[in-house]
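Heads up: the structure comes next, in structure tokens.
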Amino acid sequence: MKLLSVIVPCYNEEENIVDFYDELMKQDAYFRKEEVALELIYVDDGSSDATAARVRELHGRDERVHLISFSRNFGKEAAIYAGLEASHGELTALLDCDLQDPPSLLPEMYEAITREGYDSVATRRVTRKGEPPIRSFFARRFYHLINRMSDTEIVDGARDYRMMTRRFVDAILSLSEINRFSKGIFSWVGFETKWLEYENVERKKGETKWSFWKLFRYAIEGIIGFSTAPLAFASFLGVLFCVLAVILIIVTIIRKLLFGDPTSGWPSLVCIISLISGVQLFCLGIVGQYLAKTYMEVKRRPIYLVKEEI
Ligand code: UDP
Ligand code: MG
Numbered sequence: 035m036k037l038l039s040v041i042v043p044c045y046n047e048e049e050n051i052v053d054f055y056d057e058l059m060k061q062d063a064y065f066r067k068e069e070v071a072l073e074l075i076y077v078d079d080g081s082s083d084a085t086a087a088r089v090r091e092l093h094g095r096d097e098r099v100h101l102i103s104f105s106r107n108f109g110k111e112a113a114i115y116a117g118l119e120a121s122h123g124e125l126t127a128l129l130d131c132d133l134q135d136p137p138s139l140l141p142e143m144y145e146a147i148t149r150e151g152y153d154s155v156a157t158r159r160v161t162r163k164g165e166p167p168i169r170s171f172f173a174r175r176f177y178h179l180i181n182r183m184s185d186t187e188i189v190d191g192a193r194d195y196r197m198m199t200r201r202f203v204d205a206i207l208s209l210s211e212i213n214r215f216s217k218g219i220f221s222w223v224g225f226e227t228k229w230l231e232y233e234n235v236e237r238k239k240g241e242t243k244w245s246f247w248k249l250f251r252y253a254i255e256g257i258i259g260f261s262t263a264p265l266a267f268a269s270f271l272g273v274l275f276c277v278l279a280v281i282l283i284i285v286t287i288i289r290k291l292l293f294g295d296p297t298s299g300w301p302s303l304v305c306i307i308s309l310i311s312g313v314q315l316f317c318l319g320i321v322g323q324y325l326a327k328t329y330m331e332v333k334r335r336p337i338y339l340v341k342e343e344i
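Under the working numbering, the letters of the sequence shown match residues 35 to 344, in that order.
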């Protein structure tokens, strides 16, 4: 028999744990028929509610349910990594706990891998129904921007929901960086990926864990993690302002020689100094961002810490 590991990152999802289990088990009959055993790994990302307790109860009912509990909230990316590390299956699936990733797609994914020979089957939502318009707007701008800046393709609307073969999972695990941006990592490792499309499903219970600010920081993480274009942009600005300065010097000298008219007053000077120092600080900030990421990587801290494992 083959084994399919199902990984579910959860952060304060007490209302969804059992619902997710019930929904997943609807696919159990199909996988039994295909001679595939299921293993369900809930990764509790430092929840402060009864998430872990709910999983423990489930484990009492069904031995195939496992729990990894973090010592604090490390973020979804860390939860994904921990889940992938703990998975033993020839196949591994990654789903959100809130049922926004319908388990009913699993058989189709399984068939694409076993019959069509793909190494991973990913999903993207083609609509953003039910999402605040301002969020959709910034999301679209982000995908446009990052795809122009990065060599790694980041698919617009891609979800983390996917099924992977063992060698795909091992490839993901070999990228052990701390600043993890899964959408980029999944794409960076390559292999044949099939894309399934579906309409956005709204969250069943509870609230989204992603504030606008958290998403913004995640976007910056993605750009810095998968592109060095901002550094090139900083150099470009430097060159641009040097050229501008040379032109200004020449203009000033010629004016003095021809008209005996030294450029008047300090207002122009103040403007130029403010502008240039602003640009300098901006560029220094860009360099600083990369330095900060490098600093965190160099420390080689663990990606997550486990408090409890069942
Ligand atoms: N999640 C997590 N750690 C976090 C934030 C979220 O493990 O710090 C989990 C969350 O429990 C859910 C999934 O990641 O299963 C997606 O989160 P959410 O539904 O809040 O995001 P959205 O679907 O709104 O993008
Ligand atoms: Mg969700």
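No residue lacks a Cβ here, since even glycine has one placed at the ideal position from N, Cα and C.
Coil, strand or helix - residue i by DSSP
i       : result
His-12  : Beyond the ends of the chain as shown, which are 35 and 344, falls residue 12; an answer cannot be given.
Ala-71  : strand
Ser-81  : coil
Ser-39  : strand
Phe-194 : It should be pointed out that residue 194 corresponds to Asp in this sequence rather than to Phe. Three-state DSSP puts Asp-194 in a strand.
Tyr-144 : helix
Tyr-45  : coil
Tyr-232 : strand
Val-285 : helix
Glu-343 : strand
Tyr-115 : helix
Tyr-338 : coil
Leu-125 : strand
Val-155 : strand
Thr-227 : strand
Thr-262 : coil
Closest Cα partner of residue i within the set the options
i       : options                              : result
Thr-227 : Tyr-115, Val-77, Phe-270 and Ile-147 : Ile-147
Phe-176 : Ala-192, Lys-163 and Gly-164         : Ala-192
Tyr-232 : Pro-136, Val-189 and Phe-316         : Pro-136
Val-89  : Val-99, Ile-337, Cys-305 and Gly-294 : Val-99
Ile-257 : Lys-341, Val-77, Asn-181 and Glu-69  : Asn-181
Leu-271 : Leu-309, Pro-301 and Val-285         : Leu-309
Arg-95  : Gln-61, Ala-112, Asn-107 and Tyr-55  : Tyr-55
Cβ separation of residue i and residue j, assumed to be a contact under 8 Å, to the nearest whole Å
i       : j       : result
Ile-75  : Val-42  : 7 Å
Leu-265 : Val-321 : 7 Å
Thr-157 : Tyr-195 : 5 Å
Thr-186 : Phe-267 : The Cβ separation is near 18 Å, so there is no contact.
Phe-104 : Leu-318 : Contact flag wrong, Cβ pair sits at about 35 Å.
Leu-125 : Leu-209 : The pair is not a contact, with the Cβ atoms about 20 Å apart (cut-off 8 Å).
Ser-221 : Ile-168 : Contact flag wrong, Cβ pair sits at about 26 Å.
Gly-117 : Leu-133 : Rounded, the Cβ-Cβ distance is 17 Å, inconsistent with contact.
Glu-73  : His-122 : 7 Å
query: Can you list, in chain order, every residue whose CB sits closer than 7 Å to a heavy atom of ligand 2?
result: Asp-130, Asp-132, Gln-134, Arg-237 and Thr-242
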